[in-house]
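Asker:
Residue numbers (our numbering): 173 to 984.
1. Kindly give me the distance between the Cβ atoms of residue 579 and residue 233, rounded to whole angstroms, as I take these residues to be in contact under 8 angstroms.
2. Pairing CB atoms from the segment 333 to 343 with CB atoms from the segment 303 to 314, are three or more of them under 8 angstroms?
3. Using a threshold of 8 angstroms, state whether the C-beta atoms of residue 454 and residue 497 are closer than that.
4. Run through DSSP, which three-state label would residue 208 get?
5. Please state whether the Cβ-Cβ distance between residue 909 and residue 927 is less than 8 angstroms.
6. So is residue 883 buried or exposed if we call it buried at 16+ other beta carbons inside 10 Å?
7. Where does residue 906 fall in DSSP's three states?
8. Does the Cβ of residue 347 have 16 or more other Cβ atoms within 10 Å, making it buried, or fewer, making it exposed?
9. Use the C-beta contact count for residue 703: other C-beta atoms within 10 angstroms, 16 or more gives buried, fewer gives exposed.
10. Mind listing, in chain order, the continuous beta strand (DSSP E) runs of no fewer than 3 residues lying wholly within the segment 506 to 556?
11. Determine whether the beta carbon atoms of residue 298 and residue 245 lie at a separation below 8 angstroms.
12. As a quick exercise: from 660, 695, 803, pick the residue whose alpha carbon is nearest that of residue 895.
13. Could you tell me whether the Cβ atoms of residue 235 and residue 959 are closer together than 8 angstroms?
14. Tell me the residue span of the alpha helix (DSSP H) that contains residue 796.
15. Tell me, please, which residues DSSP counts as bridged to residue 583.
16. Please report the residue range of the alpha helix (DSSP H) in which residue 879 lies.
17. Excluding five sequence neighbours on each side, which residues of the same chain lie with their C-beta closer than 6 angstroms to the C-beta of residue 204?
18. When burial is assigned at 16 or more other CB atoms within 10 Å of the CB, is residue 640 buried or exposed?
19. Counting Cβ pairs closer than 8 angstroms, one from the segment 368 to 377 and one from the segment 570 to 586, do we hit at least three?
20. Compute the beta-carbon to beta-carbon distance between residue 557 and residue 966, rounded to the nearest angstrom, for a pair I have assumed lies under 8 angstroms.
21. Could you give the residue range of the alpha helix (DSSP H) that holds residue 608?
22. Under 8 angstroms by Cβ, that's how I've got residue 644 and residue 699 pegged, so tell me the actual separation to the nearest angstrom.
23. Taking C-alpha atoms, which residue in 542, 543, 420, 538 lies nearest to residue 550?
24. Would you check if there are 3 or more beta carbon pairs closer than 8 angstroms linking the segment 808 to 826 to the segment 742 to 757?
25. Can you give me the Cβ contacts of residue 405 inside the same chain, cut-off strictly under 6 angstroms, excluding the 5 residues immediately before and after it?
26. Do you know how far the Cα of residue 766 is from the Cα of residue 682?
27. Who are the near neighbours of residue 416 in its chain, counting only those whose CB is closer than 7 angstroms to its CB and skipping five residues on each side?
28. Can you grab the Cα-Cα spacing for the pair residue 300 / residue 442, in whole Å?
29. Give the single residue among 407, 555, 492, 761 whose Cα lies nearest to the Cα of residue 531.
30. As a quick exercise: from 361, 729, 975, 257, pick the residue whose alpha carbon is nearest that of residue 489.
31. For residue 589, which of helix, strand or coil comes out of DSSP?
32. Going by beta carbon distance, what residues of the same chain come within less than 6 angstroms of residue 918, once the five residues before and after it are set aside?
33. How should residue 412 be labelled, buried or exposed, when 16 other C-beta atoms within 10 angstroms of its C-beta is the threshold for buried?
34. Taking only the alpha-carbon atoms, compute the straight-line gap between residue 988 and residue 507 and give it to the nearest angstrom.
35. Cβ of residue 235 within 7 angstroms of any heavy atom in the ligand NAD?
36. Mind checking residue 856: buried by the 16 CB within 10 Å criterion, or exposed?
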């Protein structure tokens, strides 16, 4: 059975993990060097660098083809994997796990997607059994399961089941509101002028509002007012007093107020204030109440790369650090203040706009097109590094609009901030990049780090339960004693998948009974057989673990509300799905497996017998004795045994070889001798000692049936046989072509709203790329979305709208 709760590797696999990470850690070792510091500051810097090297961070981004689907559609996606520090493509994990979660965070669909050079692509086929609603697409690697699931990629999509009655819009409810406060630096200090950020949101939608209010002390005196700047976020400044309590009153639309207590005022402690008022420098004022003349350390790091480390002596409880912006890396920098004891006491986030981004240009051959017309797009990029892009073209209507997020907003912003961000793409628009106050409010209200300083400063190195899949998919399992349920250590097990190509794996259980198999190039849905040599070990129970994560974030998808005004577009989607499946079903179901070695795992055999080239016998013993030269058949007592020639040494092995039927080990020679030889197409013999994994076999005899599915052979009932989904096979995106007048006159309806999907576009420096496709029978406005990444870590995103006109009425 598949067990999702115990999918952890065995302790004996540490060498595998260390070997995997070493090459990546070496690439990071020289990054972020700072001038030498002594004492606690140096310890913090060294601890951070060690943590970064031991806990390499991956970031995944999925370009999902469109935001809204009907049941029966395919959801296409492109996966980008980057180094969490450098944002360059990261070729470490060879598998990405993609899931579609419902509103209760239960997986509705799951897929394993092959990765190469930090990229991959795949799809999810949306069945008609799904309920209408908002779902969450999430993606992660095996290595990412070692960290908080907040690090997983997540994006909400809408799925509409047009075959069922649509959910009725809920009756309007009284709006609820949430008011949160975030003191700069983390706390309010008595007598220190403090900047306080706030966020006002609607409770149901999570969207920001424009509501404001006042701050009062415990005596009812107004000390400050507040009003949002953008997306419900803003700030105000006041000086809290000792032993005073402060309350905010939010003025609601109905004239009532919502009261919220501000954080407690501290008599002693630390805080900081960041001022970004000059072109070249950021000023950070550190305040201390209670210890006015002590040394403090300011450490700045960007995605765990140290960019600033300074020490200063407070004078009258204050010191202002001046940080050169040129020394800061692009993106989010964390400034942390440490006291003399080396304890982190205050923190602040700062965002520096990326200085080098991938500028993409998308030009259409014309701005307007007719039905079934050819569209040609010319793509250009500004980078001097090769770019890997993906492109989607979908119809804009009442159901799906222009996306509010993209690869740049995710890589630079969303992936490093906790929780959801309203319209993250705004901060990378021309308006948003000029809105420094809006970005800084976001930094104040979404403070978060991919680690805690307690973790960093611990002397013990980080322990990671999950290994990176840097060669292929890792399948974990466990062996236990049937009678007691206790772990069974030191048991040699064999995993096989009937079919072609022959795939065969072995592994010995560790002290906890755990197993690990590396399934390289294992594609498609297959049966797998897990067993031991039952002639020696016969009382064991086997289980295989699911590789999918069982941990979830607190974020959930919002409730789907479909207004009556959208019924026309929903009916259009219903017709589109039915037409595509009825008329283009055969074209849509084209799959292929990436080029892999199709030979059996044992390579070229010493002898190969295609049994149709020989006289066919009805008894396997006759086959083996008559023309299989490398194997001698012997009877010991009442049991058959095989003795394989050891050709290199001109001798004979005395023990049975490894015998396989369609790749599945058969340890009882009597059973293979009783098998119908007329079902066997091919017989291979390895006439020498054969090494595989930790074992050496005295030769190998492999039978392959015509069907490749064991052809009715009875497996030992003690073996575990179950279906297992390997890596997803590549599926071709299909769209009709209208190259000729005859094709244009075709009476087959074409109601596509996704005109084109291309996940693999490669742009070389200084060279353009042309993409062509045809419009459908659906007039309207279509959005071209292009995004991607260069080898240097530059992210790019570009939109273009094209218009498709309907047929011209006769007489016009």
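Note that CB positions come from ideal geometry on N, CA and C, so glycine has one too.
Answerer: If we stick to the structure as given:
1. Position 407 of the chain shown, counted from the first residue, corresponds to residue 579. Position 61 of the chain shown, counted from the first residue, corresponds to residue 233. Their Cβ separation, rounded to whole angstroms, is 5 angstroms, which keeps residue 579 and residue 233 in contact under 8 angstroms.
2. In short, these stretches touch, since the Cβ pair count reaches three.
3. Reading the chain shown from its first residue, position 282 is the one you call residue 454. Reading the chain shown from its first residue, position 325 is the one you call residue 497. Cβ atoms of residue 454 and residue 497: closer than 8 angstroms.
4. The residue labelled residue 208 in the question sits at position 36 within the chain shown. With a pLDDT of only 37 at residue 208, under the threshold of 50, the placement of this residue in the model should not be trusted; the figure read from the coordinates follows. Three-state DSSP puts residue 208 in coil, outside helix and strand.
5. Taking the chain shown and counting its residues from 1, one reaches residue 909 at position 737. Taking the chain shown and counting its residues from 1, one reaches residue 927 at position 755. No, Cβ-Cβ distance for residue 909 and residue 927 is not below 8 angstroms.
6. In the chain shown, residue 883 corresponds to position 711, counting from 1. By the neighbour-count criterion, in which 16 or more other beta carbons inside 10 Å mark a residue as buried, residue 883 falls on the buried side.
7. Here residue 906 is taken as the residue at index 734 of the chain shown, counted from 1. Secondary structure at residue 906: coil, using DSSP grouped into helix, strand and coil.
8. The sequence position of residue 347 within the chain shown is 175, counting from 1. It counts as exposed.
9. Looking up residue 703 in the chain shown gives position 531. It counts as buried.
10. Assignment of beta strand (DSSP E) within the segment 506 to 556, counting only whole runs of 3 or more residues, yields 516 to 524, 532 to 536, 546 to 553 in chain order.
11. Start at 1 with the first residue of the chain shown, and residue 298 comes out as number 126. Start at 1 with the first residue of the chain shown, and residue 245 comes out as number 73. In this structure, residue 298 sits near residue 245, with a CB-CB distance shorter than 8 angstroms.
12. In the chain shown, residue 895 corresponds to position 723, counting from 1. Ranked by Cα distance from residue 895, the options 660, 695, 803 are led by 695.
13. Position 63 of the chain shown, counted from the start, is the residue given in the question as residue 235. Position 787 of the chain shown, counted from the start, is the residue given in the question as residue 959. Result yes, Cβ atoms of residue 235 and residue 959 sit closer than 8 angstroms.
14. In the chain shown, residue 796 corresponds to position 624, counting from 1. Segment 792 to 799, the alpha helix (DSSP H) holding residue 796.
15. As a working note, residue 583 is residue 411 in the chain shown. Partner(s): none; residue 583 has no beta bridge.
16. Within the chain shown, the letter at position 707 stands for residue 879. Premise fails: residue 879 is in no alpha helix (DSSP H) and is neither H nor E.
17. The residue given as residue 204 occupies position 32 in the chain shown. Here residue 204 scores only 36 on pLDDT, less than 50, and its place in the model is too uncertain to base an answer on.
18. The residue you call residue 640 lines up with position 468 of the chain shown. Taking a 10 Å sphere around the C-beta of residue 640, we find 16 or more other C-beta atoms and assign the residue as buried.
19. Here the segment 368 to 377 makes no contact with the segment 570 to 586; the two share fewer than three CB pairs at distances below 8 angstroms.
20. Translated into the one-based positions of the chain shown, residue 557 becomes position 385. Translated into the one-based positions of the chain shown, residue 966 becomes position 794. In this structure residue 557 touches residue 966 by the C-beta definition: roughly 7 angstroms separates them, less than 8 angstroms.
21. The residue given as residue 608 occupies position 436 in the chain shown. For residue 608, the enclosing alpha helix (DSSP H) begins and ends at 608 to 617.
22. Within the chain shown, numbered from 1, the residue matching residue 644 stands at position 472. Within the chain shown, numbered from 1, the residue matching residue 699 stands at position 527. In fact, because the Cβ distance is near 19 angstroms, the residues do not count as touching under 8 angstroms.
23. As a working note, residue 550 is residue 378 in the chain shown. For residue 550, the nearest C-alpha among the options comes from 538.
24. Short answer: they don't touch.
25. In the chain shown, the residue the question calls residue 405 occupies position 233. So the list reads 371, 613, 617, once near-sequence residues are dropped.
26. What you label residue 682 is simply residue 510 of the chain shown in a count that begins at 1. What you label residue 766 is simply residue 594 of the chain shown in a count that begins at 1. So the alpha carbons of these two residues sit roughly 34 angstroms apart.
27. Here the question's residue 416 lines up with position 244 in the chain shown. Only 389, 390, 437 meet the Cβ criterion.
28. Against the chain shown, residue 300 aligns to sequence position 128. Against the chain shown, residue 442 aligns to sequence position 270. So the alpha carbons of these two residues sit roughly 57 angstroms apart.
29. Taking the chain shown and counting its residues from 1, one reaches residue 531 at position 359. The candidate whose alpha carbon is nearest that of residue 531 is 555.
30. As a first step, residue 489 must be located in the chain shown, where it is residue number 317. Nearest C-alpha to residue 489: 361.
31. Taking the first residue of the chain shown as position 1, residue 589 is located at position 417. Correct three-state label for residue 589: coil.
32. Reading the chain shown from its first residue, position 746 is the one you call residue 918. Correct list: empty, nothing qualifies.
33. As a position in the chain shown, residue 412 is number 240, starting the count at 1. Here residue 412 is buried: its Cβ has 16 or more other Cβ atoms, across all protein chains shown, within 10 Å.
34. Since the first and last residues shown for the chain are 173 and 984, residue 988 lies out of range.
35. As far as ligands go, the structure on display features none, and thus does not contain the ligand NAD.
36. Position 684 of the chain shown, counted from the first residue, corresponds to residue 856. Residue 856 counts as buried, since at least 16 other C-beta atoms from the protein chains shown sit within 10 angstroms of its C-beta.
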